[in-house]
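Encoded as structure tokens, the structure appears first; notes follow it.
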Amino acid sequence: MKGVFVTGTDTGVGKTMVSAALICGVKRGGRRVGAMKPVETGCPARGGMLLPADGAFLREMAGTDDPLELIAPSRFALPLAPMVAAEQEGTSVDLDAVMSAYRILREKYDFLVVEGAGGLLVPLRDDAASRRPSPYFVCDLIKEMGLPAVVVARPSLGTINHTLLTVGHALGKGIPVLGIIINHSAPPGDTIAERTNPDVLRRLSPVPVLGIFPHTASRSPETITEAAARFLDFSRF
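Going by the working numbering, the residue at position 16 of the sequence shown is 30; the numbering climbs one at a time, nothing skipped.
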């Protein structure tokens with residue numbers, strides 16, 4: 015396996031932290047790992063360029079010196095779905111640049127962790143003149159990259175429906191799903207939903223639950239590596 019695509023059941027479920035954990039965990043196994051955030055929105059302007067905060071964080075976790083233009087080739091200032099942000103800014107998601115950067119990184123590393131934007135049906139483009147499917151969603155990008163997916167889910171009420179829908183759609187599109195990671199992007203609440211959801215997903219999902227990643231305020235590689243080794247199952251990687 016040359017890599018994995020990290021997608022989510024929704025925005026804000028903690029894909030970036032889980033992507034960092036996967037990078038650190040696979041690195042711990044001795045492989046050279048690269049990082050990519052193909053499309054990032056909500057990028058602040060710094061020094062005349064848009065800074066991809068998620069892409070920069072994943073590069074730090076991987077410990078590489080790849081230029082941000084390669085890690086995050088398509089960036090937008092507005093915190094919107096990529097297609098909408100691009101339209102509002104008078105441009106479009108450059109999928110050719112995304113795939114070119116992906117091929118370079120894929121050849122450079124033993125393993126590549128690619129973090130998506132939002133969930134599977136977040137639109138990237140809607141261009142009838144394109145040679146690609148129109149509209150073109152995140153799930154189409156996963157298919158074009160030829161990567162298996164990991165689904166990041168939140169622990170709270172509603173996640174069973176969102177997670178099973180996401181897994182089912184991916185499998186229906188022919189995307190292999192390695193498993194589900196339940197992520198605590200905030201300190202856990204003592205609710206019956208959070209206590210019971212993991213076992214319900216283990217019982218009902220056609221793919222395994224690979225772990226429950228804890229909330230951590232630290233963004234240090236050492237802390238994330240330790241948590242990844244303790245809480246995530248890397249046997250399918």
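All residues carry an ideal CB built from backbone N, CA and C; glycine is no exception.
Short of 7 angstroms from the beta carbon of residue 214, and not among the five residues preceding or following it, lie these beta carbons of its own chain, in chain order: 174.
For residue 193, the secondary structure class from DSSP, reduced to helix, strand or coil, is strand. Sorting 24, 31, 249, 39 by C-alpha distance to the C-alpha of residue 179 places 24 at the top.
DSSP places residue 182 inside the alpha helix (DSSP H), whose first and last residues are 173-186. In the three-state reduction of the DSSP assignment, residue 33 falls in the helix class. Taking C-alpha positions only, residue 141 is separated from residue 119 by approximately 27 angstroms. Three or more Cβ pairs closer than 8 angstroms define a contact, and the region 47-59 meets that threshold against the region 121-130. Within the region 129-155, the runs of beta strand (DSSP E) at least 3 residues long that lie entirely inside it are, in chain order, 137-139.
Sixteen is the threshold: since fewer than 16 other Cβ atoms of the shown chains lie within 10 Å of the Cβ of residue 182, the residue is exposed. Assignment of residue 103 by DSSP, reduced to helix, strand and coil, places it in the coil class. Burial state of residue 154 is buried, judged by a 10 Å Cβ sphere holding 16 or more other Cβ atoms. The DSSP-derived three-state label of residue 224 is strand. Annotation: the region 56-102 contains the following complete segments of the alpha helix (DSSP H) (minimum length 4 residues), in chain order: 67-76, 82-85, 96-102.
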